[in-house]
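Numbered by my numbering, the letters in the sequence shown go through residues 101 to 259 in order. Below: one structure, written as structure tokens.
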Amino acid sequence: MIHVNARAIIVCETNEIIKILIQKRTKKGEECYELPGGHIEEFESITDALRREVLEETGLNITYIENEKESVNNNRDNVTFKTQCITPFSAYQTIAGPVDSFGIHFICSAKGLPLKKGDDTQDIHWATIDEVGTLISKNKFSNVDIGPMLMFIRDKVKH
Numbered sequence: 101m102i103h104v105n106a107r108a109i110i111v112c113e114t115n116e117i118i119k120i121l122i123q124k125r126t127k128k129g130e131e132c133y134e135l136p137g138g139h140i141e142e143f144e145s146i147t148d149a150l151r152r153e154v155l156e157e158t159g160l161n162i163t164y165i166e167n168e169k170e171s172v173n174n175n176r177d178n179v180t181f182k183t184q185c186i187t188p189f190s191a192y193q194t195i196a197g198p199v200d201s202f203g204i205h206f207i208c209s210a211k212g213l214p215l216k217k218g219d220d221t222q223d224i225h226w227a228t229i230d231e232v233g234t235l236i237s238k239n240k241f242s243n244v245d246i247g248p249m250l251m252f253i254r255d256k257v258k259h
């Protein structure tokens, strides 16, 4: 069975310093730093799942999801088949490894104070791009989040 995930690249920029919210996963055998997000429940919209997972894991409320205003929803009256179409920042699918998963990452903004411990998470904090790069190079960052973070650094960070 494939696991389907929505994940958040939550960005905060202060004095031209970009920080990303990261957290340490605490599930036994899966300890590493990661971006917040997780499983999309049956018939849950992508954006609702993203908001729910971020709140459960970090205590933050998402205030902005890139491309959400441009999304198209087929939620017409008298229609039983409904869809949400939205452009993510990136998408991944595992092609080898212990877990078969597909996920989409969104660039977001959020408000609130991070929890000390969330749902299977701890050490929730704002990390610099350099810190994320170090975690990636030391193999201490989630495999499903490495590609999207490298894309974010390549495409969104001013050099």
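Glycine is no exception: its CB is placed at the ideal position from the N, C-alpha and C atoms. It should be emphasised that the depicted structure is a prediction, and the values quoted were computed from it without experimental measurement.
Measure the C-alpha to C-alpha separation of residue i and residue j and round it to an integer number of angstroms.
i	j	result
L150	S209	12 Å
T228	V179	46 Å
M240	M101	With the sequence shown as reference, residue 240 is identified as Lys, and Met is not the correct amino acid for it. Going from the Cα of K240 to the Cα of M101 covers about 26 Å.
T158	L250	22 Å
I118	D177	43 Å
Q222	N243	18 Å
E113	T194	31 Å
W226	E153	17 Å
Mind checking which residues open and close the beta strand (DSSP E) that includes residue i?
i	result
G212	Here G212 belongs to no beta strand (DSSP E), and DSSP marks it neither H nor E.
D223	T221 to T228
E134	C132 to E134
T163	N161 to I165
T183	T183 to C185
Whose CA, out of the options, lies closest to the CA of residue i?
i	options	result
H139	N115, E156, L215 and M251	E156
V172	H103, E231 and I146	I146
V257	G233, V154 and K124	G233
T183	S190, N174, F189 and I122	N174
C185	P136, L135 and D148	D148
F206	D245, H225, L235 and F181	D245
F181	E231, E134 and F143	F143
D220	Q123, L160 and I110	Q123
For residue i, list the residues DSSP reports as bridge partners.
i	result
F202	V104 and Q193
V244	None; V244 has no bridge partner.
R125	C132 and T221
Is the stretch 164-180 touching the stretch 124-138 in the sense that three or more CB pairs, one from each, lie closer than 8 Å? no
The stretch 190-203 contacting the stretch 105-117, beta-carbon criterion three pairs below 8 Å: yes
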